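Colleague: Under this note's numbering, the first residue of the sequence shown is numbered 94, with each subsequent residue one higher.
All C-beta atoms in this analysis are idealised placements derived from N, C-alpha and C, irrespective of residue type, glycine included.
Keep in mind it's a predicted model, so treat the numbers as computed, not measured.
Can you keep this structure in mind? I'll have questions shortly.
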Amino acid sequence: MAQDTAVKRGHKIPVPSNYRNAAKYVQIAKEEKRNIMPLLEQDKHFRAGRTVVGRVLNNMPIIDLIYNELDLATKEPRIKQWLAKVMIAEVLFGNGRLVGNSRPVESMKVYVDEMHMLLDRHMKDIKKNEEKFKEPRFVRINTNVLNLEGAKHLLAEEQWNLVEEIFPNYQSFLERVKELRNDEYMEDFHFPDMLVFPYEAKWYWSRAQHLHGKFLLQNKACLLPTYLLKPPKKSVVLDMCAAPGLKTTHLASLMKNKGRIYAVERDHTRYTQLCKLVSPYGVIKTIHSDCLKVTHEQVPGVQYILIDPSCSGSGMLQRQLVPEEVDEQRLYKLAGLQYKLLMHALNNFPDVRRIVYSTCSVYVQENEEVVQSVLRHTAHFRLLDARKELGKEWLNVGSPKYRDIGERCLYAKTVDDLTIGMFVAVFERCPEGVENKIYLEHEKQKQSYERCMQKWQRNEQMEQKSKMTEENTVQEPNEEHEGEQEEVQVEKQTSKKRKKARIEENMVEEKKDLLRNEQMEQKPKMTEENTVQEPNEEQEGEQEEVQVEKQTSKKRKKARIEENMVEEEKEQKEAKEKSAFKKRKEKS
C-alpha cells in the first residue's frame, strides 16, 4: 500500500544519485568545456562516475540527435536536458533500463521503445560511415626517453611486425595504412616519431600500461602545428593554450629538452592536468593565467608562439560520423576569441619570429576567416605556405574563396588523411622594409572606400543644402508676405483709429463753435429783454464780434480739413514706399 502511494506521488521520490551526479558533470564538460576526469577522481561518493559520464560523452552526438528527434525539450520541459541525456545513454548504451520510480524516470520510460527505434536507424548510417573509414591508432614515441630503434625493439618484443616498405607518394602510403593487419604497424610518411597501427590496436594500447611514458597516444594531425612551428634547440617558445599538454611535450622533444617553453592555461582543473603531464620536462614552465593577460615581461625573449585555442571541435571523428547542426552564434563568439588571441600574439611580443595557429575545426568561420581578419589588420606579419614549410606532399589546403590565404593553409581531413580534422596556418614576421601584401591591399581598399564615403557625404551635403535653399526661397517670401500683410492690416487699423479720432475732434470743435455762436446770438436778445436798450453803437459792436467769431470758426474748420488731407497724403505715400520696397526685395 505504501509502495503504491509512493508511485502515485512519484514527484516526491528523488532521482537516483548516479543520474543526478552524471548530469552535473556532463553539463560541466559540455557547457564549460572542461576536462571533468580530475573532478570525477576527487568525487569519492560517485564511484561509478567515470563509467556513467564516459558513456554519455562518448556517445553524445547520437544522444543529441535522439533527444532532439524525441522533442523532449517541448514534451518534458520539467526534465533538464542533461538529466534526460544521461537516461538516454543508460537505456541505449548502459544496462538497457532505467532505475527508480521518480517522476522524471517514469516520464522517460514512456520513450524507451522509440529510443531503440531511432538508435537502430542512426546506427545503420554510422556503420556505413565506419565501413568507409576505420580510424588507425596513431602513437607518438617519446624521444626524450626512447629513440626510434629502441621503440622498434620494444614493439618487436610485443609481437608487432613493422611494415618496411618505401612509398613513392602520400596516397600509396594511405592505401597501405587501410590494409594493415592486426599485428602490423608502420612508420609515418611525414613524422619520424609517429607510428601508425591498425584500428583494432586501440584495445591493445588501452591496456598497455607498461609502455606508459615511452609512447603517447596522440593523433597525427596534432603534430602538424608543432612541426610547422619548428623551434630549434635553446629557443624560447610560448604555448598560449597549453592544456592538456601533449603539444607542449612534443615541442620539448623537438627542442631536445633545451631552451624554455612557457605553457599557459587559465582553467584550474586543466592547469593541474597540464602540470602533471609536463612535470618530467625541465624545459617547460607552466603559467596559471589568462593568456590574453600574459605580457612580454612575463615571458621574456619569446621567439615562437603556438596558438591552439578553444574551438567548436567539429573536426573530431565522432562529430563527423553523426552530422551536427551548425550553431552560428557559438561560432561567431569562438571566432571573436580566436581573433583576439592571434592579434595579442602578433602585436605584444616584439621578439617573435614565427606563430602557428591551429584548430580542430572544419568551419571556415574559425579558420580562413580568422586568418583573413588578422592579416588585414597586421602589417608586420605575413602568411607562409604551410605545405612548403611541411616539406612533404599534403593533400588538402584551405578554401580558394580566400585569395592568398586558403591555398597557404593546411587542412587534415578525416576521409583523406585518416586523422581527425585539423586546420593550420603559419605566420612569420616580415623582413625589414617589407609589409604584408594582404594588409596593403586592405588599406588601399579602405582608403578608396573612405574617399568614396567622403565624396558621397559631400554630395549628400550639397544636395541637402540645395534642398534647404529651395525650401527657404519658397518659404521665405510667404513668411515675409504674411508679415507684411499683418503690418499693413495693423497700419490700416491705426490709420482708421487716427482718422476716427480726428473726426471726433472735429465734431467736438464744431459743437463748441455752435455753442459759442448760439451764446453770442442769445446774448443781445437777453440784453434787450432785461435791460433798457443801449445805444446803437454797442449793438453794432457786438454784431461785429459775432461775425468775427464765425469767420475764425470757419477758418479753424478749414485748417482741420487741410490737416486731415495732409495726414491722408502721408499715409498713402508711406503705403506706396512699403509696397515698392517689398517688390524690390522679392526681385532680389
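Going by C-alpha to C-alpha distance, which of Ile-156, Leu-321, Leu-511 sits closest to Arg-501?
Modeller: Closest by alpha carbon: Leu-321.
Colleague: Across which residues does DSSP place Asn-489 in a beta bridge pair?
Modeller: Tyr-504
Colleague: If we count the other Cβ atoms within 10 Å of its Cβ and call it buried at 16 or more, is Gln-540 buried or exposed?
Modeller: exposed
Colleague: Whole angstroms are fine: how far does the CA of Met-153 sit from the CA of Val-419?
Modeller: Computed Cα separation, rounded: 16 Å.
Colleague: For Gly-193, which residues of its own chain have a beta-carbon under 6 Å away from its beta-carbon, when the five flanking residues on both sides are left out?
Modeller: Correct list, in chain order: Pro-109.
Colleague: Applying the criterion that 16 or more other CB atoms from any shown protein chain within 10 Å of the CB defines a buried residue, is Ile-596 buried or exposed?
Modeller: exposed
Colleague: How about Leu-511 and Val-232: do their beta carbons lie closer than 8 Å?
Modeller: no
Colleague: Ile-513 and Met-348 look like a contact to me (Cβ under 8 Å); what is the Cβ gap, rounded to whole Å?
Modeller: Not a contact, Cβ separation roughly 25 Å.
Colleague: How long is the line joining the alpha carbons of Ile-57 and Ser-200, rounded to whole angstroms?
Modeller: Any question about residue 57 goes unanswered here, given that the chain covers just 94 to 681.
Colleague: Note down the Cα distance separating Arg-522 from Val-445, rounded to an integer number of angstroms.
Modeller: 7 Å
Colleague: How many angstroms separate the CA atom of Ala-182 from the CA atom of Gln-174?
Modeller: Answer to the nearest angstrom: the Cα atoms are 12 Å apart.
Colleague: Just reading off the beta strand (DSSP E) that Ser-451 is part of, what are its end residues?
Modeller: Element bounds for Ser-451: 447 to 452.
Colleague: Please return the same chain residues whose Cβ sits closer than 6 Å to the Cβ of Glu-621, not counting the five positions on each side in sequence.
Modeller: Summary for Glu-621: the model assigns pLDDT 49, below 50, so the residue's position carries little reliability, and this model does not support an answer.
Colleague: Quick check: Arg-196 and Phe-290, are their CB atoms within less than 8 Å of each other?
Modeller: no
Colleague: Where does Trp-487 land, buried or exposed, given buried means 16+ other C-beta within 10 angstroms?
Modeller: buried
Colleague: Quick one: which unbroken alpha helix (DSSP H) runs of 4-plus residues sit fully inside the segment 312 to 389? Chain order, please.
Modeller: Annotation: the segment 312 to 389 contains the following complete segments of the alpha helix (DSSP H) (minimum length 4 residues), in chain order: 316 to 322, 339 to 347, 361 to 371.
Colleague: Just the C-alpha distance for Glu-534 and Gly-429, rounded to the nearest angstrom, thanks.
Modeller: Using only the alpha carbons, I get a separation of about 23 Å.
Colleague: Using only the alpha-carbon positions, how far apart do Leu-288 and Met-546 sit?
Modeller: Taking the Cα positions, Leu-288 is about 58 Å away from Met-546.
Colleague: Which residue wins for smallest C-alpha separation from Tyr-532, given the options Ala-122, Phe-474, Lys-589, Thr-144?
Modeller: Phe-474
Colleague: What did DSSP end up calling Arg-496 once you bin it into helix, strand or coil?
Modeller: In the structure shown, Arg-496 sits in coil (DSSP, three-state: anything other than H, G, I, E or B).
Colleague: Just grab the DSSP bridge partners of Phe-474 for me.
Modeller: Arg-522
Colleague: Tell me Tyr-397's beta-bridge partners as DSSP assigns them.
Modeller: Val-330, Arg-447
Colleague: By the 10 Å Cβ neighbour count, where 16 or more other Cβ atoms means buried, how is Asn-114 classified, buried or exposed?
Modeller: buried
Colleague: Anyone know if the C-beta pair for Leu-331 and Val-395 falls short of 8 Å?
Modeller: yes
Colleague: List the whole-angstrom C-beta distance separating Pro-324 from Leu-344, where the pair is believed to meet the contact cut-off of C-beta under 8 Å.
Modeller: 6 Å
Colleague: Report the residue ranges of all alpha helix (DSSP H) runs contained in full by the segment 241 to 288; include only those spanning at least 4 residues, in chain order.
Modeller: 241 to 250, 263 to 271
Colleague: Quick one: does Leu-191 have its CB under 8 Å from some CB of chain D?
Modeller: In summary, chain D is missing from the structure at hand, where a single protein chain is found.
Colleague: Buried or exposed: where does Ala-558 fall if 16 or more other Cβ atoms within 10 Å of its Cβ makes it buried?
Modeller: Here the sequence assigns Lys to residue 558, which means Ala is not the residue at that position. Counting Cβ neighbours within 10 Å, Lys-558 comes out exposed, since fewer than 16 surround it.
Colleague: Take Arg-214 as the anchor and find which of Ile-234, Thr-236, Val-238, Leu-185 has the nearest alpha-carbon.
Modeller: Checked all of Ile-234, Thr-236, Val-238, Leu-185; the closest Cα to Arg-214 is Leu-185.
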